[in-house]
Each structure stands twice: as C-alpha cells, then as structure tokens.
Amino acid sequence: LIGVTSPIGREEQVLIGVAPLADAGAEHVAYIQDARQEIDPASLRAGLVLAPTNLQLDHPAVVHPANVMDALVRLLHHFHPVAASNGIRHASAVIDATAELAPDVQVDAHAIIGARARIGAGTRIGSHVVIGEDVVIGENCRLHPRATVLDRCRIGNRVELHSGCVIGADGFRFEVIGRRLTKIPQVGIVVIEDDVEIGANTTIDRAGLSETRIGARTKIDNLVQVGHNCVIGSDCIIVSQVGIAGSCRIGRGVMIGGAASIKDHITIGDGAQIAGRSGVQHDLPAGSRVMGYPALPVKRYARFAWFYRNFDEQWERLKSALKERDSIP
Amino acid sequence: LIGVTSPIGREEQVLIGVAPLADAGAEHVAYIQDARQEIDPASLRAGLVLAPTNLQLDHPAVVHPANVMDALVRLLHHFHPVAASNGIRHASAVIDATAELAPDVQVDAHAIIGARARIGAGTRIGSHVVIGEDVVIGENCRLHPRATVLDRCRIGNRVELHSGCVIGADGFRFEVIGRRLTKIPQVGIVVIEDDVEIGANTTIDRAGLSETRIGARTKIDNLVQVGHNCVIGSDCIIVSQVGIAGSCRIGRGVMIGGAASIKDHITIGDGAQIAGRSGVQHDLPAGSRVMGYPALPVKRYARFAWFYRNFDEQWERLKSALKERDSIP
Amino acid sequence: LIGVTSPIGREEQVLIGVAPLADAGAEHVAYIQDARQEIDPASLRAGLVLAPTNLQLDHPAVVHPANVMDALVRLLHHFHPVAASNGIRHASAVIDATAELAPDVQVDAHAIIGARARIGAGTRIGSHVVIGEDVVIGENCRLHPRATVLDRCRIGNRVELHSGCVIGADGFRFEVIGRRLTKIPQVGIVVIEDDVEIGANTTIDRAGLSETRIGARTKIDNLVQVGHNCVIGSDCIIVSQVGIAGSCRIGRGVMIGGAASIKDHITIGDGAQIAGRSGVQHDLPAGSRVMGYPALPVKRYARFAWFYRNFDEQWERLKSALKERDSIP
Numbered sequence: 110l111i112g113v114t115s116p117i118g119r120e121e122q123v124l125i126g127v128a129p130l131a132d133a134g135a136e137h138v139a140y141i142q143d144a145r146q147e148i149d150p151a152s153l154r155a156g157l158v159l160a161p162t163n164l165q166l167d168h169p170a171v172v173h174p175a176n177v178m179d180a181l182v183r184l185l186h187h188f189h190p191v192a193a194s195n196g197i198r199h200a201s202a203v204i205d206a207t208a209e210l211a212p213d214v215q216v217d218a219h220a221i222i223g224a225r226a227r228i229g230a231g232t233r234i235g236s237h238v239v240i241g242e243d244v245v246i247g248e249n250c251r252l253h254p255r256a257t258v259l260d261r262c263r264i265g266n267r268v269e270l271h272s273g274c275v276i277g278a279d280g281f282r283f284e285v286i287g288r289r290l291t292k293i294p295q296v297g298i299v300v301i302e303d304d305v306e307i308g309a310n311t312t313i314d315r316a317g318l319s320e321t322r323i324g325a326r327t328k329i330d331n332l333v334q335v336g337h338n339c340v341i342g343s344d345c346i347i348v349s350q351v352g353i354a355g356s357c358r359i360g361r362g363v364m365i366g367g368a369a370s371i372k373d374h375i376t377i378g379d380g381a382q383i384a385g386r387s388g389v390q391h392d393l394p395a396g397s398r399v400m401g402y403p404a405l406p407v408k409r410y411a412r413f414a415w416f417y418r419n420f421d422e423q424w425e426r427l428k429s430a431l432k433e434r435d436s437i438p
Numbered sequence: 110l111i112g113v114t115s116p117i118g119r120e121e122q123v124l125i126g127v128a129p130l131a132d133a134g135a136e137h138v139a140y141i142q143d144a145r146q147e148i149d150p151a152s153l154r155a156g157l158v159l160a161p162t163n164l165q166l167d168h169p170a171v172v173h174p175a176n177v178m179d180a181l182v183r184l185l186h187h188f189h190p191v192a193a194s195n196g197i198r199h200a201s202a203v204i205d206a207t208a209e210l211a212p213d214v215q216v217d218a219h220a221i222i223g224a225r226a227r228i229g230a231g232t233r234i235g236s237h238v239v240i241g242e243d244v245v246i247g248e249n250c251r252l253h254p255r256a257t258v259l260d261r262c263r264i265g266n267r268v269e270l271h272s273g274c275v276i277g278a279d280g281f282r283f284e285v286i287g288r289r290l291t292k293i294p295q296v297g298i299v300v301i302e303d304d305v306e307i308g309a310n311t312t313i314d315r316a317g318l319s320e321t322r323i324g325a326r327t328k329i330d331n332l333v334q335v336g337h338n339c340v341i342g343s344d345c346i347i348v349s350q351v352g353i354a355g356s357c358r359i360g361r362g363v364m365i366g367g368a369a370s371i372k373d374h375i376t377i378g379d380g381a382q383i384a385g386r387s388g389v390q391h392d393l394p395a396g397s398r399v400m401g402y403p404a405l406p407v408k409r410y411a412r413f414a415w416f417y418r419n420f421d422e423q424w425e426r427l428k429s430a431l432k433e434r435d436s437i438p
Numbered sequence: 110l111i112g113v114t115s116p117i118g119r120e121e122q123v124l125i126g127v128a129p130l131a132d133a134g135a136e137h138v139a140y141i142q143d144a145r146q147e148i149d150p151a152s153l154r155a156g157l158v159l160a161p162t163n164l165q166l167d168h169p170a171v172v173h174p175a176n177v178m179d180a181l182v183r184l185l186h187h188f189h190p191v192a193a194s195n196g197i198r199h200a201s202a203v204i205d206a207t208a209e210l211a212p213d214v215q216v217d218a219h220a221i222i223g224a225r226a227r228i229g230a231g232t233r234i235g236s237h238v239v240i241g242e243d244v245v246i247g248e249n250c251r252l253h254p255r256a257t258v259l260d261r262c263r264i265g266n267r268v269e270l271h272s273g274c275v276i277g278a279d280g281f282r283f284e285v286i287g288r289r290l291t292k293i294p295q296v297g298i299v300v301i302e303d304d305v306e307i308g309a310n311t312t313i314d315r316a317g318l319s320e321t322r323i324g325a326r327t328k329i330d331n332l333v334q335v336g337h338n339c340v341i342g343s344d345c346i347i348v349s350q351v352g353i354a355g356s357c358r359i360g361r362g363v364m365i366g367g368a369a370s371i372k373d374h375i376t377i378g379d380g381a382q383i384a385g386r387s388g389v390q391h392d393l394p395a396g397s398r399v400m401g402y403p404a405l406p407v408k409r410y411a412r413f414a415w416f417y418r419n420f421d422e423q424w425e426r427l428k429s430a431l432k433e434r435d436s437i438p
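Residue numbers (the working numbering), protein chains in the order written: chain S, 110 to 438; chain E, 110 to 438; chain C, 110 to 438.
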C-alpha cells in the first residue's frame, strides 16, 4: 500500500516512523484523519502525509488511502512490529507441573501459573503475571506485566490484559446474619470473550454463583470497576474510571464515557451511549443517549444544563417579573 | 441442616453446587432470598430450593431454613470449602531471616516478607504478596496474590486483603516552603482491625504522624481511596471507587455507596447512609441519609431531583404564568 | 535549629518523635501550623512545641522557627531518616545483562530490569518493581514495591513512584475500520520530569505517537488516570481519583481536587484551581477557579448551589408569588 521512503528533499528520504502532524519532519509519516481538521500549511514538514481522499493538500508527497486509519494502523505495525511469542519460559517463572501450555507460550520472569491452568498457542505471559488454578487462556493473548487472573476464570483468544488488572477478585456482597455482616462466598468466575482488551489496574469481580462476562471485542480502559454477575455485551467501549455495579446487563455496542457510574441490576440496551460522569439509575432502552447525574436523555439534560449555566440571569428574570407582586430576594 | 441429595427425579440426585434460580438444574441447589421476589414457576428446575418460611412454593423439594442466607452461606462453604493454610513456604518466596511466622503460615510463590515482620497462625500469604519491614499480621488472614502491606502497618485477625491493594503508601501532603512544593514526610502507619476485608487495587494511605485506622468488620470494595489519618469505625460498608480524603472520622455502621466522595476533615456519625456518587462536603450527624452532589438529606435532594428531571415542564409553567406580565424565553 | 531534648519534666527529656498535638506526650515534639488554630491548653502535653512566631503559647518549651513546616520537615527527617541506597542487588532480582545501572543502585527482591534500561546513581528499586526495556531512570529516584515502568518510558531525577502505579500502559484508542473496532497501536512513551511523585495504583498511559509528559515537581495522588498524549506542566497538585482524558494540556501550578474529571483535548491555563468532583468540559484560562459538574467559575457555581440547597423554600416562594394568577404545584 504505502512505501517507506518519501520523494521529498533527497532522492530517497528514509522514513523512520509516524509522528503527529505538527511534530513530523522529513523522516516521518504524518496523517490527517478528518478533512475538516484545521491545518497550518507551515507545519507540513512530514516526509509523507496520509490524507482523506476528499482533502486537497499542497504537499509534494500526499497519499490518499481508501481509509486513512487503516493505512495508519498498517504503517504503525510496520514500524513497530508486535513481537510474536518467543516461546521462552524464564527460569524464574513458577509454572505448576499440572499446567498445560502450548509449546510456543512465552512466560516472562517471575510469572506464576497455577495448577491445571491451560494456555493456548502464541500467548505471551508477561513478567510478574499471576495465573490462578484452573484458569483457561486462549490463543495469541497478551498479558502485560503484573496482570492477574484468579482461579478458574476463562479468557478467550487474542485478549490483551494490561498491567495491574485483576480478573476474578471476590464480588462485594455481605448480608447481616445474626446481627453480623457476613460475607456471601463468591464462587463464580469471570469469562472474557475473544478480542477483549482490559486496562491497567482495572478490576473485574467474579460472579457470586455463575459468571461475570465481558463480550467479544469489548474494550475496557484503566481503573474501571465491573461488579459481580455483570454481563457486558460485545463491541462495547468503556472508558477509564467507569464503575458498573453488580448484576448489570449491558447490551452490544454500548459506549460508556469516563467516570460514569451504573447502579446495580440495571439493564442497558444495545447501542446506548452514556456520557462521561453520568450516573445511570434506571434501565435504558437500546439506542439511548444520556448525560448527567442522574442521567437524562441528552436533549432533556441540555435544557437543564442551560438553566444551570445561566442560573444568575434566569433567576434575576424571575425575580424582576415577580417583583411588582411580591418580594423575592 | 441440609443434605446434599435431592428427592427430585431419580431416587438420589447428587447436588453438585448452588446456582442462580433461573439457571439451576436438577443437580443444583437454588435459593430465594425474598418472598416478594417474582418467580417464574417454569424456571423452578433446581434439585433443591431454599425459600423463606413465609413463601409457599410449588416444588417437590423446598427447604425453609430459619434464615435463607445463613443456610446459603453454609451450603456454599460445603461445596466450596475455604482451603486452610497448608503451611508450605514456596522456595521462591523471600522471607527475611528476622521475620517471625507461626509454624503453619502458608507463603506462596515469589511472596516477600520483610525484616522483623510477624505473622500469626493460619494466615495465608498469596503469591507476589509484599509484606514490608516490621509489619504485624494476625491469625487466619488471607492475603490474595499481589496484596501489599508496607512497612510497620498492622493487620488484625481474619482480615482478607484482595489482589493489588496497597496498605500504607505515603499520604499526600505537600506544603509550599520557600516557594517550593515540599513533601511532608509521612511517618505514621495503617492499622486494620479484625475481620476487615479490603478490595482489589484499593489504596489506604499511612498517617502523617500517627494512624490511619479501619475498624473491625468493616468491608471495603475495589478501587477505593482512603486518605491519610482517616479513622473509619467498625461495621462500615464502603462500595467501590469511593474516595475518602484525609483526616476524616467515619462512625460505626456507616454505608457509603459507590463512587461517592468525602471531603477532607469531615466527621460522619454512626449509621449514616451516603448514597452512591454523593459528594459530602459537611459533617453528617448519626443516622443521616444523604444523596447528591453536594450531598443533601435524601428528602430534600428528592425535591430538587424532581425539578431536575422535570425541568422543561416546570420552566414552561413558570414562563406561561409570567407571560402576561413579562417576556421570559 | 532544634535540639532533640526538652526542658520539661526531667532535666533531660529525650524526644523520640513527632506526634499530633492532641496525642503528644512529654517524649514528643508537636507542631502548630496556623496561629488561628483552636488549641485546648489541657492538651499541651508535648515535650516541645513548634509554633508560628505570632502565636503566644503557655507552654514551657515552645520554639518559634521562622517557618514551622520547614522545621517540621527537618525534624521528621531527623527522626525518620530516608534510607540511602544500599547498593545491594538482591539475588532474586532479574537484571538484564544489557541494562546499565550506576554502581550504587539498590535492587530489591524479585525486581525485574529489562534490556538496555539505564538507571542513575542513588536510585532504589523496590521489590517486585518491573522496569521495561529501554527505560531510562534518573538519579536518586525511589520506586516503591510493585511500581511498574513499561518499555521506553523516561523518568527524571528524584522521582518517587508509589506501589502499583503503572507508567506507560497503552493509551485507549480504537477506531471503527471495516465495521470492526480496531486498536490504534500506541507507540509513544511517557516522560516524567524531575522531582515528580506518582501515587499508588495510578495509571499514566503512553502517547499514541509521541509523549505523555508530567512536568517537574508535579505531585499526583493515588488512583489517578492520565490519558495518552496529555502534557501536564510543572508544580501541579493532582489529588486522588482524578481522571484526565487524552490529549489534555495542563499548565503550570494547576491544582485539581479529588475525583474531578477533565474531558479530552482540554487546555487548562497556569495556576487554575479545579475543585474536587468538578467536571471540566471546556478550556480554562490561567488563574481560573472552577467548581461543579459541569464546572463553572466558583462564584457562578455558588449562586446555583444556593438554589440547589434551598430549592424547597425557593420553589415555594415562586409558587406563592404566582398562585393568584395560576396554579402551579
């Protein structure tokens, strides 16, 4: 699709990587994702520019791929190839004798793999990763340093778990029995389907009895909490610091903005979009778009937000309209 | 109390575990916690059902224990016995020669136990756990993989620390001294009393000078932040992503919902209930029930929330009432 | 400046440490930071009291240093000296043969140092720390147990990284390409300048292409999320559970209160102050002071907050003013 040299300047300018448009020099590829983006012509010093087909650029080396982002991803993989598993198990790793690892599974320093765990071909286990007993992990997964998957949880194929995430800690359920807060044992598991990504230091609790489930291709950012028994559909985007309380049902293709909270036992329909910092307290039908705390449909929220932002002026108006009749401070 | 076979179907149906009512088959026990719960009779396929005494059920094997949850807990412990300490110290664990461990303390792979640490009987130290110098840990505790207890902190008996929690990182205090942000050394400790549970990736900071304290039987969920010098009473429930800033005094039996925030130096009385996502900016007397940001008494908040949810209609009413006199858009 | 004995009681009372004013006994130093602080004379049992120059105290051993906090810091360092690097590399640490460590770098148990990493003089690497490939760490840093710095990130001098923080996990960017959520490879790095402190379990994502940067002397608390491509200026204070979405530009000396959120691509001017739990959705000029969700200038927010807190009374007033004309419930 795209070469790695640029016609600018010298006859053959070697391109060494991708850089942001404003920073890119003759040795870099830059990209423009959106034809409406404002561009300072003086900043166009990149050796090669990827641009949308509908954007005319005054630059000697513009490429118009059918899809700029697709071309970008290919270029990034070209310049930064993802290492394949090297199949080496570091001498300091502790791998239980009963664990079953495909021959090419890579296990880095100080990783721990518990009894009867099964790990598929091509998977890379980073340093200090902890894999509990009876865990199942599919093929071509990547577990970054310090990712943790506790006993009996099941991870699909091509899953990426970032550093410090905890998959399968106990759910949080206590009942007062005989006047004493008593822990209800959490004996379920977490199931993570194919092509999921889980962010750094995110926590996904195991179910009380059955499964907490993260659907295929769903992407979860850092420091997110997913409570026990949640079932999250496929193709969702869940941004950092979101909290999803226990037993929620989240549909497919749901987008949840950063630091939003969802109450326990809530059902969210397919394709719903929940703005950052929203607080969802009621079920949402498919295709909903909500904002605010408590979350309201976006248009409804916008009317209140207008009042909130203009409270002083609106309050003055109310007062002056009333002042002949009554005194309201 | 309850056997592990069911009279349904075959003469002796072996029960293999507990399942949610809707999923349970003939080999499962199911439970109904609340007699008011809606039940689909077609879903009653469980081999045995635990039900409240005041609930009549059309099922051939219903048991009515005095307390359903108590029976459930016993059954779960029956099917999923909590492993006792096996007393084994893994060869890869690094245990300082001056640490004092009761003979039956279990230390898993790659755990680290610092100088002069003391650990009581029956305690299980998970893999990759870090125990600092001079730490004291009581009896029958469970530290899950990657839990961390830093220097000099003290942990009671039967405490459960989940993966990735950090007990005793420095408090966050900086003062401008000579125009430069200067760290005030944090030389206090964290004290965790008996029967406390701390969630995954939760952080509890050491005191500046004295103690941050978590009272007996208090349960803290995942990703919670407790600032330096906080004193939290006994029997509290603190749900995930709560933030409690420095030097707060939280009474006994306080419940704090998910993602709520409490300002620094706040005092919360016994038995207060703080709804999820609340922002507490003022002291709260015992028995308070608050919601919202800023937090208000629940009834007061509910009136405002009515206005917020119905803003459009109410604003139209105000405008139409005023329109003869004044124009208000 | 200050000795370590007190004239109270015995001729020579040995002082063993600093304690809070209310708890301090004859063997302790206590301090009073603010002359306006309420003081119970009966509580003045400290062997020595540091007090502001403008505060008269009825106590036999009061010292009035030019700056109480400066004196306090010196005393705390006296009683709790920060250990210098002992230069020991623990036998269980895994240090790549190509890593370059200054001779006195301390590496504790089970730490991992990747290929070609470079670490400066006096730096202490705690137990279970993970340092990725090609990481650069300056002099006199302290990495607490389980801090993690991933491949190619660069850390300045005198930086303190607390337990469980993750520096350099992938940024969160996915684009729909051919109907499929596709990860945009995150190939940039994180740069942390001199004298920065990063809290426990905080996550700072690597840039998509270039650098996520934390300016000199900036202090970040626990459980904070900093998204990819953010550039945070020097001398900022960022309190726990703050979330800063991707590509924000934060000026110098900015203060961000706990659990506040900042939307992506926002620019915050120098010296801005953002109250806890605020939600910043628009750029803020230098010196701004904002509160609320969405964030408003503090005075503007305070007017709305007055209405929110007094909604019932104000609504009654509106209704009674209107009732002759119209019925409004």
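The C-beta atom is built at its ideal place from N, Cα and C for all residues, glycine as well.
Using a Cβ distance threshold of 8 Å, Met364(E) and Gln350(E) do not count as a contacting pair.
8 Å or more divides the Cβ of Gly229(S) from the Cβ of Ala202(S).
The Cβ atoms of Gly280(C) and Gly355(C) sit closer than 8 Å to each other. In this chain, the alpha helix (DSSP H) harbouring Leu181(S) covers 177-188. Taking the Cβ atoms as the reference, Tyr402(C) lies roughly 14 Å from Phe413(E), outside the contact range of under 8 Å. In the structure shown, the three-state DSSP call for Glu121(S) is coil. Under the three-state reduction of DSSP, Val407(E) is assigned to helix. About 22 Å separates the CB atoms of Asp303(E) and His337(E); that is not less than 8 Å, and the two are not in contact. For Lys372(C), there is no enclosing alpha helix (DSSP H), as DSSP marks it with neither H nor E. Burial is judged here by how many other beta carbons sit within 10 angstroms of a residue's own beta carbon; Ile240(C) has at least 16 and is buried.
Here the alpha carbons of Asp260(C) and Leu166(S) stand approximately 36 Å from one another.
Look at the segment 249-282 of chain C: the residues with a C-beta under 9 Å from a C-beta of chain E are His253, Pro254, Arg255, Glu269, His271, Ser272, Gly273.
Contact between the segment 171-182 of chain E and the segment 217-224 of chain E is absent: fewer than 3 CB-CB pairs across the two stretches fall below 8 Å. With a 10 Å radius around the Cβ and a threshold of 16 neighbouring Cβ atoms, Ile298(C) comes out buried. Against chain C, the CB of His137(E) has no partner CB under 8 Å away; the residue lies outside that interface. Residues of chain C whose Cβ lies closer than 7 Å to the Cβ of Phe420(S) are, in chain order, Arg412, Phe413, Phe416. In summary, Lys372(S) is buried, with 16 or more beta-carbon neighbours lying within 10 Å of its beta-carbon over all protein chains present. From the beta-carbon of Pro169(S), no residue of chain E is found nearer than 7 Å; the closest lies around 49 Å away. Sequence-distant partners of Arg225(E) (beyond 5 residues in either direction) whose C-beta falls short of 7 Å from its own C-beta, in its chain, are Thr207, Ala208, Glu242, Asp243. Taking a beta-carbon distance threshold of 8 Å, Asn163(S) does not count as an interface residue toward chain C. The criterion of a C-beta distance shorter than 8 Å is not satisfied by Ala369(E) and Ser397(E). In the displayed model, Glu248(C) falls within coil according to three-state DSSP, outside both helix and strand. A residue is called buried when at least 16 other Cβ atoms come within 10 angstroms of its Cβ; Lys408(S) does not meet this threshold and is exposed. Under the criterion of beta carbons closer than 8 Å, Ala395(C) and Asp379(C) qualify as touching, at roughly 4 Å.
CA-CA distance, Ala309(S) to Val172(E), rounds to 45 Å. Excluding the 5 residues flanking it on each side, Ile276(E) has same chain C-beta neighbours closer than 6 Å at Val258, Cys262, Val299, Ile313, in chain order.
Counting the other Cβ atoms within 10 Å of the Cβ of Asp344(S) gives 16 or more, which makes it buried.
The C-alpha of Pro129(E) is placed about 7 Å away from the C-alpha of Tyr140(E). One finds Glu284, Ile286, Thr291, Lys292, Ile293, Pro294 in chain C with Cβ atoms closer than 9 Å to the Cβ of Val182(S), taken in chain order. Chain-order list of chain E residues neighbouring Gln334(S): Asn331, Leu332, Ser349, Gln350, by C-beta distance under 7 Å. When the five nearest sequence neighbours on each side are left out, the beta carbons in the same chain lying within less than 6 Å of the beta carbon of Glu306(E) are those of Glu269, Lys328, in order along the chain.
Not flagged as an interface residue toward chain E: Val214(S), since no C-beta distance is shorter than 8 Å. The continuous alpha helix (DSSP H) containing Phe420(C) extends over residues 420-431. For Ser319(E), a Cβ of chain C is located within less than 8 Å of the residue's own Cβ. Annotation: Leu427(E) to Asn163(E) spans about 51 Å, alpha carbon to alpha carbon. As for any beta strand (DSSP E) of minimum length 3 sitting wholly inside the segment 217-268 of chain S, there is none.
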